[in-house]
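One structure is given below, encoded as structure tokens.
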Amino acid sequence: MRRLLAILATVIVIAFGWLTVLGLFVGDNLGFLSPLVEAGRIRELTALLLQIVVMTAAVTIVIGVLNLFQVHGGRILRQRRGWPYSLVLLFSAVLVWVLTLLERNGMVFTPAGERTPSTILLETVQVALEAAFASLVLFALVYGAYRLMRRRVTWTGFLFTVVVLVVLIGTLPLPGGGFSLMAQFNTWLMNVPVSAGARGILLGIALATVVTGVRVLIGQDRSYRE
Amino acid sequence: MDSTTQFITLAIILLALIAHLILTQASRRRQGRTALRSIAAYETLPLLVGESIEADRPLHLSFGSASLGTDGTLIALSAAELFYQVAQRAATGMTPPIITLSNTSVLPLAQDTLRRAYATRGRIERYQGGAARWYAGGGQTLAFAAALTSMVADEQVTSNILAGSYGAELALILDTTARRNQMSIATSDQLEGQAIAFAMSERPLIGEEIFSAGAYLEGKPNQVATIASLDILRWLVIFMILIPTINVLTEGELFRLIFGGR
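One line per chain: the protein sequences are E and G, in this order.
1 is the number of the first residue of the first sequence in the numbering used here; add one for each residue after it.
1001 is the number of the first residue of the second sequence in the numbering used here; add one for each residue after it.
Laid out in structure tokens, this is it:
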């Protein structure tokens, strides 16, 4: 039975995968493929499939909320390490959920032009905390660069540290010939080697994505075969 | 999309398909004699799993903000393959690995990855659905990073494998793991995350190395063929960049030499 389901899943993935590829990539001017796609109404089918994907992704939010309650509820009941934070999390989640429901049903009055209570809650708590954490990223990066050199001094680590220093100094808006030269070098660095390296990495990822996608399209991906 | 782009896109997909099919057969004939270059992260993985089993503490695996149905679909599937290989090895221990994610579309994939790993080992009774955890973050990736910094401390994980979609928030997570002397393997399909993974992770995976997890950890012919197909496409792109560049530098002489004409 399991084998049959695996075969069925593989057939569905291959069939609908190729239909979606044809529907998305074949336009009006592509030889014999265009009339084939037109006749089979594959573009409409592709649009329908993509809508189903969006709806399925929305349903998974419900699964996520259930998972949240399962994990943190279990931690509270078993009083595992950090359980007070789980209690705060669940309480906050329920509070925001109830508040939003009340707002949507018009049971919470908000004067015209004023922010809703849930928006105020989001901006005063979430945004403030995110800003605080964003400020920590700089220190984490500096510490990371320090650890890179402390762990073992390699040519790549040394080059990384030098480039970080050059970029940081070159970005400073300070007057003087030396700083101006550094700024020009910084600009060249960002436009030539950094840009080239970034494109190289992105190209590699893009090619690997194509090959992995092909594996999915021919039914070789493990996630639905087993 | 204009017809030239459509044609080139379909041609690349077909070329990748043909190369993959041919190389899968070639790899089967070589019967595991294909030499792959060494990648430190994959060589360290079995040690990390062993350490986790011996310490009876969980491994932490994370998708980051990778999601299904968007640009991050294939990085999510590739990370799932890596996590399957890790979970399969860790299934012999008492404590299951913890998989975290910030996008709910990946939650069923994460749970199924764990379930299949345990089922393959014949230890399905030890499978726990709650080992896959959604930490709400979505677009607010710093919130997810903050949650993970707390989680790695509370759960006393031994090591972290962060493979998915990360931005600058990866620095916070890796900073915490470093302070706790936890080994980390990290990679991201975003450039910022990739750079941070290189600088701060003990064993980074660079660029497309995450897509090679199956070939290095299991070595089936179709997985090894993925790497070979990737190499062929890579050389093709290199020639497609170099040849027109040389032609421009020689003011058209190269094409005149190849194709003739004035």
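Where is the CB? At the ideal position from N, CA and C, for every residue including glycine.
Classify residue i as buried or exposed, calling it buried when 16 or more other Cβ atoms lie within 10 Å of its own Cβ.
{"i": "Ile1099 (chain G)", "result": "buried"}
{"i": "Ser135 (chain E)", "result": "exposed"}
{"i": "Pro1046 (chain G)", "result": "exposed"}
{"i": "Ile1258 (chain G)", "result": "exposed"}
{"i": "Val62 (chain E)", "result": "exposed"}
{"i": "Tyr1135 (chain G)", "result": "buried"}
{"i": "Arg115 (chain E)", "result": "exposed"}
{"i": "Phe133 (chain E)", "result": "buried"}
{"i": "Pro35 (chain E)", "result": "exposed"}
{"i": "Gly23 (chain E)", "result": "buried"}
{"i": "Ile1210 (chain G)", "result": "buried"}
{"i": "Met1200 (chain G)", "result": "buried"}
{"i": "Ala1016 (chain G)", "result": "buried"}
{"i": "Phe1063 (chain G)", "result": "buried"}
{"i": "Leu138 (chain E)", "result": "exposed"}
{"i": "Met1151 (chain G)", "result": "buried"}
{"i": "Ile1018 (chain G)", "result": "exposed"}
{"i": "Gly1093 (chain G)", "result": "buried"}
Can you list, in chain order, the residues of its chain whose CB lies under 7 Å from that of residue i, leaving out five sequence neighbours each side?
{"i": "Ala183 (chain E)", "result": "Gly170"}
{"i": "Gly1167 (chain G)", "result": "Thr1141, Gln1190, Glu1192, Gly1193"}
Can you find a CB in chain G that lies within less than 8 Å of the CB of residue i?
{"i": "Gly64 (chain E)", "result": "yes"}
{"i": "Glu38 (chain E)", "result": "no"}
{"i": "Tyr143 (chain E)", "result": "yes"}
{"i": "Phe16 (chain E)", "result": "no"}
{"i": "Ala67 (chain E)", "result": "In the sequence as displayed, the identity of residue 67 (chain E) is Asn instead of Ala. So yes, Asn67 (chain E) belongs to the interface."}
{"i": "Asn186 (chain E)", "result": "no"}
{"i": "Glu123 (chain E)", "result": "no"}
{"i": "Tyr246 (chain E)", "result": "Only positions 1 to 226 of chain E appear in the structure, and residue 246 (chain E) is not among them; the question remains open."}
{"i": "Arg222 (chain E)", "result": "yes"}
{"i": "Thr60 (chain E)", "result": "yes"}
{"i": "Ile205 (chain E)", "result": "yes"}
{"i": "Thr119 (chain E)", "result": "no"}
{"i": "Asn191 (chain E)", "result": "no"}
{"i": "Glu130 (chain E)", "result": "yes"}
{"i": "Ala208 (chain E)", "result": "yes"}
{"i": "Arg81 (chain E)", "result": "yes"}
{"i": "Ala47 (chain E)", "result": "no"}
Does the beta carbon of residue i come closer than 8 Å to any beta carbon on chain E?
{"i": "Tyr1084 (chain G)", "result": "yes"}
{"i": "Gln1006 (chain G)", "result": "yes"}
{"i": "Asp1056 (chain G)", "result": "no"}
{"i": "Pro1108 (chain G)", "result": "yes"}
{"i": "Ala1066 (chain G)", "result": "no"}
{"i": "Thr1104 (chain G)", "result": "yes"}
{"i": "Trp1134 (chain G)", "result": "yes"}
{"i": "Val1237 (chain G)", "result": "yes"}
{"i": "Met1094 (chain G)", "result": "no"}
{"i": "Phe1211 (chain G)", "result": "yes"}
{"i": "Asn1222 (chain G)", "result": "yes"}
Would DSSP call residue i helix, strand or coil?
{"i": "Gly27 (chain E)", "result": "coil"}
{"i": "Phe1063 (chain G)", "result": "strand"}
{"i": "Ser1165 (chain G)", "result": "strand"}
{"i": "Ile1099 (chain G)", "result": "strand"}
{"i": "Arg1203 (chain G)", "result": "strand"}
{"i": "Arg1234 (chain G)", "result": "helix"}
{"i": "Val153 (chain E)", "result": "coil"}
{"i": "Phe32 (chain E)", "result": "coil"}
{"i": "Val94 (chain E)", "result": "helix"}
{"i": "Asn67 (chain E)", "result": "helix"}
{"i": "Glu1253 (chain G)", "result": "helix"}
{"i": "Thr116 (chain E)", "result": "coil"}
{"i": "Tyr1127 (chain G)", "result": "coil"}
{"i": "Phe109 (chain E)", "result": "coil"}
{"i": "Asp1218 (chain G)", "result": "Residue 1218 (chain G) is actually Glu in this sequence, not Asp. Reduced to three states, the DSSP call for Glu1218 (chain G) is coil."}
{"i": "Leu1068 (chain G)", "result": "coil"}
{"i": "Gln220 (chain E)", "result": "coil"}
{"i": "Leu1114 (chain G)", "result": "helix"}
{"i": "Ala1091 (chain G)", "result": "coil"}
{"i": "Gly73 (chain E)", "result": "helix"}
{"i": "Gln1031 (chain G)", "result": "coil"}
{"i": "Gly82 (chain E)", "result": "coil"}
List the residues that DSSP assigns as beta-bridge partners of residue i.
{"i": "Ser1159 (chain G)", "result": "G:Met1183"}
{"i": "Ser1188 (chain G)", "result": "G:Gly1164"}
{"i": "Ala1133 (chain G)", "result": "Reading off the sequence, residue 1133 (chain G) comes out as Arg, not Ala. Paired residue(s): G:Thr1100."}
Excluding sequence positions up to five away, which residues of its chain have a Cβ less than 8 Å from the Cβ of residue i?
{"i": "Glu1081 (chain G)", "result": "Ala1213, Gly1214"}
{"i": "Ser1316 (chain G)", "result": "No information on residue 1316 (chain G) is available, as it lies outside the stretch 1001 to 1262 that chain G covers here."}
For residue i, I'd like the list of residues in its chain whose CB is within less than 6 Å of its CB, leaving aside the five on either flank, ordered along the chain.
{"i": "Gly1072 (chain G)", "result": "Ala1066, Ser1165"}
{"i": "Ala128 (chain E)", "result": "none"}
{"i": "Thr1113 (chain G)", "result": "Ala1080, Phe1083, Tyr1084"}
When you measure from the CB of residue i to every non-hydrogen atom of the ligand NAD, does any distance come out below 7 Å?
{"i": "Leu1109 (chain G)", "result": "Within the structure as shown, the ligand NAD is missing, as the structure has no ligands at all."}
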